[in-house]
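Visitor:
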Amino acid sequence: MKKKLFSAAILLAIVISLALPLLLCGCQPRNEILKVYNWSEYIGEDVIEKFEEYYQEITGRSITVKYDLFDENEMMYSQIKTTKADYDVICPSDYMVEKMVKEKLLLKLEKNLSDMGYGEIEDYRDNISPLLLSGDAKDGYYFDYDYDEESGEYNVYSRTYTMGTLGILYANDSTAYQKSNYGKYSSMQEYVEANGWAVMWDKAYDQKIMMKNSVRDTYAIGAIYTLLNDRSDMLLPTMTPELALNATDPTNVAKIEKKLIAQKALLSGYENDEGKEVIIQGGIDLTLQWAGDAVYAMGYLQEELSKERDMSYFVPYEGSNLFSDAWCIPKYARNTDAANLWINFMCRGDIAVENMDYIGYTSGVICQEVYDYIVENWASEEETEFFVDMSHFFGKDSEFDPVIYVSEEDFNAFEAQFPSLEIIKRCAVMKDYGEQTRAMNRMWRNVKA
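For the sequence shown, numbering that gives the first Met the number 0 begins at 0 and goes up steadily by one.
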């Protein structure tokens, strides 16, 4: 896959672009400012500047983007719910969209952009992959993303930005392999694939493992590892990844909490961002990782750090989480016109490609530009045994050729960014904890205490 170097000059430019709005906000009218609240390292380098140009073209007015960062859904939620922060557009994960819809913390998206008074506006918001659509729009074997639904209408409050899986990013070198070599496995890959989530509890990797500093992600994996391997209750033979990662009943929560507390002694620590750097530098050998960050670590980040380490990404056969993040307009937004235009702009093909290329996560957008990007950056010139049928992503009746051939060298990174239907079928979607949220937060405090 093609990668770009991240220079000090580019970094300085981004710092200036993010700092400038802060200096201007004191003297600019609020309707000339768009306040965006997003995850860190989650947007293309030139996208903000291009949006400001797009806004000028559409409205004839200038706009300044004030861009703030969060590293956990719960942090973002607290800013909206508790402090009533007036962000205009946010990017929560699926279960958090569900929660915020229930609590009436989101505004409906503009149905017809041309009704905003700026003339005819091309609407890109229907470019979303059928894999990520809700209700009747979904196509047979796809997930029912029903987190954004109201009175039979779907995608009322959000548009999908990116999607991905949660898996294991592991060092695929001799240093890591020597710890796992019990005479059973011929490689680190064989060891990880044979043992799945159990490797994250393997004492051979004491202080060489990191997990997410997130009640949802770390609990989800603890739940799948604990409940899908639990044979103490034979009355529950139908336990699935979906039931496990959304389990909130006290009996199961207690079992999972015990497993997570036992694991904590083996961990180098909990993280949300630095784990991918630590594993490249050799500080750890295994880390719970979001697929996009894994793709970033296996290519882009190694060039930035001028440090190479052979790594692979794997979604265990027991199951995992398939997540999506979506653009929404929060309740206290004060520039909803600009917010609606931002969401539309993020669904435009060239912008979806620019974002996906930089951050490593799978764009929720499908269109000609996205298809061309995949072919140009990933497709092998020859038909090989390493191929993926992407009809689940583009749609069964897509105009695009769904079969992508990839070289052996690139296959693992490609499948991390564009998971096969086989991988997706063993994943599940997180749901809002609802009334059990407080109890689950208490459990998490007990784990980390």
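Positions of the beta carbon are idealized from the N, C-alpha and C atoms, including for glycine. As the structure is a prediction and not an experimental result, all values here were calculated from the model.
Just to check my reading of the structure: serine 311 and asparagine 411 have Cβ atoms closer than 8 Å, yes? What is that Cβ distance to the nearest angstrom?
Guide: As a working mapping, residue 311 is identified with position 312 in the sequence shown. As a working mapping, residue 411 is identified with position 412 in the sequence shown. Correct: roughly 5 Å between the Cβ atoms.
Visitor: In chain order, what are the residue ranges of uninterrupted alpha helix (DSSP H) at least 4 long that sit wholly in the region 320-405?
Guide: 335-345, 348-358, 367-377, 390-393
Visitor: Evaluate the contact criterion for the region 88-105 versus the region 154-172: three or more CB pairs, one atom per stretch, below 8 Å.
Guide: With a cut-off of 8 Å, the region 154-172 and the region 88-105 count as touching, because enough Cβ pairs lie within range.
Visitor: With DSSP as the reference, label glycine 163 as helix, strand or coil.
Guide: In the sequence shown, the residue the question calls residue 163 occupies position 164. In this structure, glycine 163 counts as strand in the three-state DSSP scheme.
Visitor: Measure the CB-CB distance between tryptophan 443 and tyrosine 299 and report whether it falls below 8 Å.
Guide: On the sequence shown, residue 443 is found 444 positions in, with the first residue counted as 1. On the sequence shown, residue 299 is found 300 positions in, with the first residue counted as 1. Contact: no.
Visitor: Counting only the same chain and skipping the five closest in sequence on each side, list residues whose C-beta sits under 7 Å from that of phenylalanine 50.
Guide: In the sequence shown, residue 50 corresponds to position 51, counting from 1. Apart from the 5 residues on each side of it in sequence, phenylalanine 50 sits with its Cβ closer than 7 Å to the Cβ of Val64, Trp341, Phe344 in its chain, given in chain order.
Visitor: Give the secondary structure of serine 186 by DSSP, where H, G and I count as helix, E and B as strand, and everything else as coil.
Guide: The residue given as residue 186 occupies position 187 in the sequence shown. The answer is coil: DSSP assigns serine 186 none of H, G, I, E or B.
Visitor: Rank Glu52, Asn171, Ile89, Asp396 by C-alpha distance to the C-alpha of aspartate 70 and give the top, closest one.
Guide: On the sequence shown, residue 70 is found 71 positions in, with the first residue counted as 1. It is Ile89.
Visitor: Assign glutamate 434 to one of three DSSP states: helix, strand, or coil.
Guide: Taking the first residue of the sequence shown as 1, we reach residue 434 at position 435. The three-state secondary structure of glutamate 434, taken from DSSP, is helix.
Visitor: With 16 as the cutoff for other CB atoms within 10 Å, does proline 240 come out buried or exposed?
Guide: Locating residue 240 in the sequence shown gives position 241, where the first residue counts as 1. By the neighbour-count rule (16 or more Cβ atoms within 10 Å), proline 240 is buried.
Visitor: Name the DSSP bridge partner or partners of asparagine 37?
Guide: As a first step, residue 37 is located in the sequence shown; it is residue number 38 there, counting from the start. Leu68, per the DSSP bridge assignment.
Visitor: Ends of the alpha helix (DSSP H) at lysine 275?
Guide: As a working mapping, residue 275 is identified with position 276 in the sequence shown. Start and end: 274-280.
Visitor: Which class does glycine 298 belong to by DSSP, given the choice of helix, strand or coil?
Guide: Numbered from 1 along the sequence shown, position 299 holds the residue referred to as residue 298. Assigned with DSSP and collapsed to three states, glycine 298 falls in coil, not helix or strand.
Visitor: With tryptophan 94 as the anchor, note down where its alpha helix (DSSP H) starts and where it stops.
Guide: Sequence index remark: in the sequence shown, residue 94 carries index 95 (1-based). Note that residue 94 is tyrosine in the sequence shown here, rather than tryptophan. Its alpha helix (DSSP H) spans residues 93-101.
Visitor: Looking only at C-alpha atoms, which of Gly394, Lys178, Ile279 sits nearest to leucine 420?
Guide: As a working note, residue 420 is residue 421 in the sequence shown. Taking only the C-alpha atoms, the option nearest leucine 420 is Gly394.
Visitor: What are the start and end residues of the beta strand (DSSP E) that includes leucine 244?
Guide: In the sequence shown, residue 244 corresponds to position 245, counting from 1. Here leucine 244 belongs to no beta strand (DSSP E); instead the alpha helix (DSSP H) covers 240-244.
Visitor: Report the option in Met355, Asp205, Asn354, Asp409 whose CA atom is closest to the CA atom of alanine 378.
Guide: Here the question's residue 378 lines up with position 379 in the sequence shown. When each option's Cα is compared against that of alanine 378, the closest is Asp409.
Visitor: What did DSSP end up calling alanine 448 once you bin it into helix, strand or coil?
Guide: For this step, residue 448 is matched to residue 449 along the sequence shown. Here alanine 448 sits in coil by DSSP.
Visitor: Taking just the CA atoms, how far does isoleucine 57 sit from leucine 242?
Guide: For the purposes of this step, residue 242 is identified with residue 243 of the sequence shown, where counting begins at 1. For the purposes of this step, residue 57 is identified with residue 58 of the sequence shown, where counting begins at 1. Roughly 46 Å between the two C-alpha positions.
Visitor: Answer yes or no: do valine 446 and isoleucine 220 have a C-beta to C-beta separation smaller than 8 Å?
Guide: The residue you call residue 446 lines up with position 447 of the sequence shown. The residue you call residue 220 lines up with position 221 of the sequence shown. Not a contact, by the Cβ cut-off of 8 Å.
Visitor: List the endpoints of the continuous beta strand (DSSP E) containing serine 311.
Guide: To locate residue 311, count along the sequence shown from 1; it is residue 312. Run containing serine 311: 310-313, per the beta strand (DSSP E) assignment.
Visitor: Given asparagine 271, which residues of its chain have a CB within under 8 Å of its CB, disregarding the five upstream and five downstream residues?
Guide: What you label residue 271 is simply residue 272 of the sequence shown in a count that begins at 1. Excluding sequence neighbours, asparagine 271 sits near Asp70, Glu71, Lys211, Asn212, Ser213.
Visitor: With which residues is alanine 427 paired in a DSSP beta bridge?
Guide: Walking along the sequence shown from the start, residue 427 turns up at place 428. DSSP output for alanine 427 lists Asn320 as bridge partner(s).
Visitor: Valine 198: which of Leu265, Ser173, Asp396 sits nearest, CA to CA?
Guide: Mapped onto the sequence shown, residue 198 falls at position 199. The candidate whose alpha carbon is nearest that of valine 198 is Leu265.
Visitor: Count Cβ pairs between the region 291-298 and the region 187-203 that sit closer than 8 Å; are there 3 or more?
Guide: Touching, no, given that fewer than three Cβ pairs across the two stretches are closer than 8 Å.
Visitor: Within a Cβ cutoff of 6 Å, which residues of the same chain sit near arginine 425, ignoring the five residues on either side of it in sequence?
Guide: Against the sequence shown, residue 425 aligns to sequence position 426. Gly318, listed in sequence order.
Visitor: Determine whether the beta carbon atoms of aspartate 87 and asparagine 334 lie at a separation below 8 Å.
Guide: Taking the first residue of the sequence shown as 1, we reach residue 87 at position 88. Taking the first residue of the sequence shown as 1, we reach residue 334 at position 335. Going by C-beta atoms, aspartate 87 is nearer than 8 Å to asparagine 334.
Visitor: Do you know how far the Cα of methionine 99 is from the Cα of aspartate 201?
Guide: Sequence index remark: in the sequence shown, residue 201 carries index 202 (1-based). Sequence index remark: in the sequence shown, residue 99 carries index 100 (1-based). When rounded, the distance between both Cα atoms is 38 Å.
Visitor: Determine whether the beta carbon atoms of isoleucine 403 and isoleucine 373 lie at a separation below 8 Å.
Guide: In the sequence shown, the residue the question calls residue 403 occupies position 404. In the sequence shown, the residue the question calls residue 373 occupies position 374. Yes. Within cutoff.
Visitor: Helix, strand or coil, according to DSSP, for serine 419 in the structure here?
Guide: Here the question's residue 419 lines up with position 420 in the sequence shown. Serine 419: coil per DSSP, three-state reduction.
Visitor: How many angstroms separate the CA atom of aspartate 125 from the CA atom of glutamine 367?
Guide: The count along the sequence shown starts at 1 and reaches residue 125 at position 126. The count along the sequence shown starts at 1 and reaches residue 367 at position 368. Distance between the alpha carbons of aspartate 125 and glutamine 367 is about 13 Å.
Visitor: What are the boundary residues of the beta strand (DSSP E) that includes leucine 208?
Guide: Within the sequence shown, residue 208 is the residue found at index 209, counting from 1. According to the sequence displayed, residue 208 carries isoleucine and not leucine. From DSSP, the beta strand (DSSP E) with isoleucine 208 extends over 208-211.
Visitor: Closest to isoleucine 42 by C-alpha separation, out of Met429, Cys346, Glu381, would be which residue?
Guide: Position 43 of the sequence shown holds residue 42. Selected option, being the one with the closest Cα: Cys346.
Visitor: Looking at C-alpha atoms only, which residue of Gln55, Arg60, Ser39, Tyr76 is the closest neighbour of threonine 436?
Guide: On the sequence shown, position 437 is the one that residue 436 refers to. Nearest in C-alpha terms to threonine 436, of all of Gln55, Arg60, Ser39, Tyr76, is Tyr76.
Visitor: Kindly list the residues whose CB is nearer than 6 Å to the CB of methionine 355, restricted to its own chain and excluding five residues on each side of it in sequence; keep chain order.
Guide: In the sequence shown, the residue the question calls residue 355 occupies position 356. Hits under 6 Å: Ser362.
Visitor: Distance, Cα to Cα, alanine 338 vs threonine 383?
Guide: In the sequence shown, residue 338 corresponds to position 339, counting from 1. In the sequence shown, residue 383 corresponds to position 384, counting from 1. Going by the C-alpha atoms only, they are around 44 Å apart.
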